[in-house]
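According to this note's numbering, the sequence shown is numbered sequentially starting from 684. All C-beta atoms, glycine included, are put in the ideal place defined by N, C-alpha and C. What follows is a single structure, written as structure tokens, with notes after it.
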Amino acid sequence: MGVIQDKALKQIADNAALAQALVPHALLLIERTYELEFERVASVKDLRVVRTTLGEPLFAPRRRQGAWNQVTPTLTRTEFCWEGEGSEPVWIDVAAELEIDVVAETDPGGIESMAVRAVDTYRTLDEFRAQFSYFDLDAFMASHGLTTVEDLRDAGEYLRTEVRLRHPPPFDPADPHNVRTVPVTAAVLVSDPTDVVGAFRAARLVAAATRDRPLPPSTFGVRSAPYALVTAFTPHPQPANQALSKPEITTLLTGAGIAPLFL
684 MGVIQDKALK
694 QIADNAALAQ
704 ALVPHALLLI
714 ERTYELEFER
724 VASVKDLRVV
734 RTTLGEPLFA
744 PRRRQGAWNQ
754 VTPTLTRTEF
764 CWEGEGSEPV
774 WIDVAAELEI
784 DVVAETDPGG
794 IESMAVRAVD
804 TYRTLDEFRA
814 QFSYFDLDAF
824 MASHGLTTVE
834 DLRDAGEYLR
844 TEVRLRHPPP
854 FDPADPHNVR
864 TVPVTAAVLV
874 SDPTDVVGAF
884 RAARLVAAAT
894 RDRPLPPSTF
904 GVRSAPYALV
914 TAFTPHPQPA
924 NQALSKPEIT
934 TLLTGAGIAP
944 LFL
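Encoded structure:
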């Protein structure tokens, strides 16, 4: 199996070959790296492998904490916390820095106008309530001990703020301003297709080892993970009826947020 893995590593270490294999999974890689709240990816234009690192070790942080108590001569208590790297690394076979060009619709947000007006012309509670679209007057009065419109008026002055949001222009996929380049770092793990459970575990170890890593700021979505997980399966001579099929493996892995490659 070692020779097969070595050949697979050589294959995915080729930037052009790796980029071609990752293109069908470009959207999954983005979704597993970013939270897209105000962006919608309409299409993927290109995927480039900028840089690769072979055999990147990850040392998961190890934390120890406790307390030391002393009774004599005086009662004291000392709490301590120690953080360091684990002794055994988790290995990424190929760490690939990617640039993915996408056509994306983005809600830029923004306020078109804002106006603040005094609410002081009401004579009844219903007239006051009609001044607001989203306001629970009954709950407000109960929390402040108010019962009548006179109590409400004597309790203070009230303002009504109207905010109009800016509407984005119609989305044009052909507009070059809608093309964005999204950086993604893929953690590619070479795996045996006859051991899908092992592939899952290896990917989860990488995710666990990087869970608390600081994430860089982003101008596209919100960065949520340092790596997008990719499993590269080696060819194997085992009869097809003794192993999961490629569609079955693909369904399992993509459902778990892992991009599968079949070499």
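Chain-order list of residues whose beta-carbon lies under 8 angstroms from that of residue i (same chain, five-residue window excluded)
i	result
Gly685	none
Val889	Leu741, Val773, Ile775, Ala870, Leu872, Tyr910 and Leu912
Contact set for residue i: own chain, Cβ-Cβ below 7 angstroms, skip 5 residues either direction
i	result
Leu719	Gly904
Val846	Ile794 and Met797
Length of the line joining the Cα atoms of residue i and residue j
i	j	result
Thr807	Asp819	15 angstroms
Ile941	Asp858	32 angstroms
Phe929	Leu872	The sequence as given places Lys at residue 929; Phe does not occur at that position. Going by the C-alpha atoms only, they are around 17 angstroms apart.
Phe916	Val867	21 angstroms
Pro853	Arg723	14 angstroms
Phe815	Ile783	46 angstroms
Thr844	Asn861	33 angstroms
Ile695	Leu730	15 angstroms
Lys728	Leu848	31 angstroms
His708	Ser907	18 angstroms
Thr877	Gln703	24 angstroms
Val732	Pro851	33 angstroms
Outcome for residue i when other beta-carbon atoms lying within 10 angstroms are tallied against a minimum of 16
i	result
Leu701	buried
Tyr817	exposed
Thr736	exposed
Pro856	exposed
Ala801	exposed
From the options, residue whose alpha carbon lies closest to that of residue i
i	options	result
Arg812	Thr789, Ile783, Val724 and Leu842	Leu842
Val799	Ala822, Glu840 and Trp774	Glu840
Gln688	Asp729, Gly738, Asp790 and Ala704	Gly738
Ala882	Phe945, Thr914, Gln748 and Tyr805	Thr914
Close-in-space but distant-in-sequence residues of the same chain around residue i (CB under 6 angstroms, 5 per side omitted)
i	result
Arg863	Val785, Ala787 and Phe903
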